[in-house]
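Q: Residue numbers for the sequence shown, in UniProt numbering: 1 to 221.
I'd like to ask you about the structure that follows.
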Amino acid sequence: MVLLAPRNATMTEIRGIIYDCDGVLFDSRRANLAFYRHVLDHFDSPLSLTENSPEADLCHTHASTVVFEVLLGEARVAEAQAFAASADLRFLLDLMTPEEGMPGVLESLAGRMELALATNRGHSVRDLLAHFRMLPHFHTIVTSQDVHRPKPSPDMLLLAVEKLGLSPGEVLFVGDSDLDRQAAFHAGVRFVAYKGLVESDLVIQDHMELLTLLDLSSREV
Numbered sequence: 001m002v003l004l005a006p007r008n009a010t011m012t013e014i015r016g017i018i019y020d021c022d023g024v025l026f027d028s029r030r031a032n033l034a035f036y037r038h039v040l041d042h043f044d045s046p047l048s049l050t051e052n053s054p055e056a057d058l059c060h061t062h063a064s065t066v067v068f069e070v071l072l073g074e075a076r077v078a079e080a081q082a083f084a085a086s087a088d089l090r091f092l093l094d095l096m097t098p099e100e101g102m103p104g105v106l107e108s109l110a111g112r113m114e115l116a117l118a119t120n121r122g123h124s125v126r127d128l129l130a131h132f133r134m135l136p137h138f139h140t141i142v143t144s145q146d147v148h149r150p151k152p153s154p155d156m157l158l159l160a161v162e163k164l165g166l167s168p169g170e171v172l173f174v175g176d177s178d179l180d181r182q183a184a185f186h187a188g189v190r191f192v193a194y195k196g197l198v199e200s201d202l203v204i205q206d207h208m209e210l211l212t213l214l215d216l217s218s219r220e221v
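Spelled out as structure tokens, the structure:
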């Protein structure tokens with residue numbers, strides 16, 4: 001765990017944690033690319049999408065509406081959304097891997113912190129969480145389909161904070177992208193960078209470090 005700024009008393013005021021999904025709860029890079037390849041194949045697109053493609057990072061961070069527009073053009077976004085909503089995507093579950101410490105850390109936080117998820121994924125994220133037995137640990141889930149502006153807009157985080165019944169100053173947001181960092185900044189929420197992939201005054205390399213950061217590793221439930 002790296003604290004680039006001194007820990008202060010405000011950390012003791014934290015009552016809720018908002019998690020990003022992709023890259024934080026799960027290593028989902030293979031699944032994300034497989035999903036967009038599936039959509040491209042449906043539309044007979046000649047685009048070859050690989051981990052080295054210029055569009056790869058976009059697939060891992062942005063809402064599907066943004067990615068569809070880049071991959072297929074604005075005119076086909078609605079059609080692509082309709083196909084994705086009706087397609088059987090259960091084959092992608094085998095390509096998802098929970099990050100180390102999950103769901104154990106969520107179980108440790110249950111009853112101690114209010115937990116939320118804020119993701120640029122759509123409502124299907126509930127099926128993903130249920131499959132890996134994480135869904136019961138979250139008090140609220142906010143997706144890109146619940147707000148007009150997905151991350152990096154703060155709307156998703158502000159809605160999650162409101163649903164948790166907390167104030168922005170009482171919440172941490174654990175993310176791994178610059179979109180996450182920007183959303184946290186504009187929402188007035190403290191940002192914890194997972195694996196240090198973006199700059200932050202709070203950085204954790206694994207999920208167990210969050211318990212230490214919050215002084216929960218040895219505290220009685």
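Even glycine gets a Cβ: it sits at the ideal position worked out from N, Cα and C.
Quantities reported herein were computed from a predicted structural model and do not represent experimental measurements.
Go through its chain and collect everything with a Cβ distance to residue 290's Cβ below 6 Å, but skip five positions before and after it.
A: There is simply no residue 290 to check, as the chain begins at 1 and stops at 221 in what is shown.
Q: How would you label THR12, buried or exposed, when you count the other beta carbons within 10 angstroms and need 16 or more for buried?
A: Residue mapping note: residue 12 aligns to position 12 of the sequence shown, counting from 1. So THR12 counts as exposed.
Q: Mind checking whether ALA75 and VAL39 have CB atoms under 8 Å apart?
A: Locating residue 75 in the sequence shown gives position 75, counting from the first residue. Locating residue 39 in the sequence shown gives position 39, counting from the first residue. In this structure, VAL39 does not lie closer than 8 Å to ALA75 by Cβ.
Q: Below 8 Å CB to CB, which residues in the same chain sit around LYS163 once its five sequence neighbours on both sides are set aside?
A: Position 163 of the sequence shown holds residue 163. Excluding residues within five positions, the ones whose Cβ falls inside 8 Å are ALA116, HIS139, THR140 and VAL142.
Q: If the criterion is Cβ atoms closer than 8 Å, does the pair LEU89 and LEU71 meet it?
A: By one-based count along the sequence shown, residue 89 stands at place 89. By one-based count along the sequence shown, residue 71 stands at place 71. For LEU89 and LEU71, no; Cβs fall outside 8 Å.
Q: For PRO103, tell me which candidate among ALA84, ASP94 and LEU128 has the shortest Cα-Cα distance.
A: Against the sequence shown, residue 103 aligns to sequence position 103. If we check each option's Cα against that of PRO103, LEU128 comes out closest.
Q: Would you call LYS195 buried or exposed, if buried means 16 or more other Cβ atoms sit within 10 Å of its Cβ?
A: As a working mapping, residue 195 is identified with position 195 in the sequence shown. Its Cβ having fewer than 16 others within 10 Å, LYS195 is exposed.
Q: What residue from HIS207, ARG149 and VAL203 has the CA that sits closest to HIS186's CA?
A: Your numbering for residue 186 matches position 186 in the sequence shown. The candidate whose alpha carbon is nearest that of HIS186 is ARG149.
Q: Would you report the Cα separation of MET113 and VAL125, rounded to the nearest angstrom?
A: Taking the sequence shown and counting its residues from 1, one reaches residue 113 at position 113. Taking the sequence shown and counting its residues from 1, one reaches residue 125 at position 125. Spanning the two alpha carbons is a distance of roughly 21 Å.
Q: For the putative contact between ASP180 and ASP20, defined by C-beta atoms under 8 Å, what is the C-beta separation to the nearest angstrom?
A: Residue mapping note: residue 180 aligns to position 180 of the sequence shown, counting from 1. Residue mapping note: residue 20 aligns to position 20 of the sequence shown, counting from 1. About 5 Å; that satisfies the 8 Å criterion.
Q: Using 8 Å for Cβ pairs, my map puts LEU197 next to SER177. What's the rounded Cβ distance?
A: Position 197 of the sequence shown holds residue 197. Position 177 of the sequence shown holds residue 177. Their Cβ separation, rounded to whole angstroms, is 7 Å, which keeps LEU197 and SER177 in contact under 8 Å.
Q: Distance cutoff 8 Å, beta carbons only. Does SER144 sit that close to anything in chain D?
A: Of the protein chains in this structure there is only one, and it is not chain D.
Q: Report the three-state DSSP secondary structure of VAL189 (helix, strand or coil).
A: Indexing the sequence shown from 1 puts residue 189 at position 189. Looking at VAL189 - three-state DSSP - the assignment turns out to be coil, as it is neither helix nor strand.
Q: When burial is assigned at 16 or more other CB atoms within 10 Å of the CB, is HIS42 buried or exposed?
A: What you label residue 42 is simply residue 42 of the sequence shown in a count that begins at 1. With fewer than 16 other Cβ atoms within 10 Å, it is exposed.
Q: Using a threshold of 8 Å, state whether the C-beta atoms of MET134 and LEU25 are closer than that.
A: Working through the sequence shown from its first residue, we reach residue 134 at position 134. Working through the sequence shown from its first residue, we reach residue 25 at position 25. Taking 8 Å as the Cβ cut-off, MET134 and LEU25 qualify as a contacting pair.
Q: Leaving out five residues before and five after VAL192 in sequence, what residues of the same chain have Cβ atoms less than 8 Å from its Cβ?
A: The count along the sequence shown starts at 1 and reaches residue 192 at position 192. Counting only Cβ-Cβ distances below 8 Å, and skipping sequence neighbours, we find LEU172, PHE173, VAL174, GLY175, SER200, LEU202, VAL203, ILE204, LEU210 and LEU213.
Q: Below 7 Å CB to CB, which residues in the same chain sit around HIS60 once its five sequence neighbours on both sides are set aside?
A: The residue given as residue 60 occupies position 60 in the sequence shown. Once the five neighbours on either side are set aside, the close Cβ partners of HIS60 are ASP22, GLY23, ARG29 and ASN32.
Q: Tell me the start and end of each unbroken beta strand (DSSP E) in the region 68-121 that is at least 3 residues and wholly inside, in chain order.
A: You should have 114-119.
Q: Can the beta-carbon of SER153 be found closer than 8 Å to that of ALA183?
A: Here residue 153 is taken as the residue at index 153 of the sequence shown, counted from 1. Here residue 183 is taken as the residue at index 183 of the sequence shown, counted from 1. Their beta carbons are under 8 Å apart, which means SER153 touches ALA183 by this criterion.
Q: Going by alpha carbons, who is nearest to VAL77 out of ALA34, PHE68, ALA118 and ALA110?
A: Position 77 of the sequence shown, counted from the start, is the residue given in the question as residue 77. The option with the nearest alpha carbon to VAL77 is PHE68.
Q: Could you name the residues of the same chain whose beta carbon sits closer than 6 Å to that of PHE132, not counting the 5 residues immediately before and after it, in chain order?
A: Along the sequence shown, read from residue 1 onward, the residue named residue 132 stands at position 132. These residues qualify, in order along the chain: PRO98.
Q: For LYS151 and ASP57, what's the separation of their Cα atoms in angstroms?
A: Taking the sequence shown and counting its residues from 1, the one referred to as residue 151 is at position 151. Taking the sequence shown and counting its residues from 1, the one referred to as residue 57 is at position 57. Approximately 15 Å, taken between the alpha carbons.
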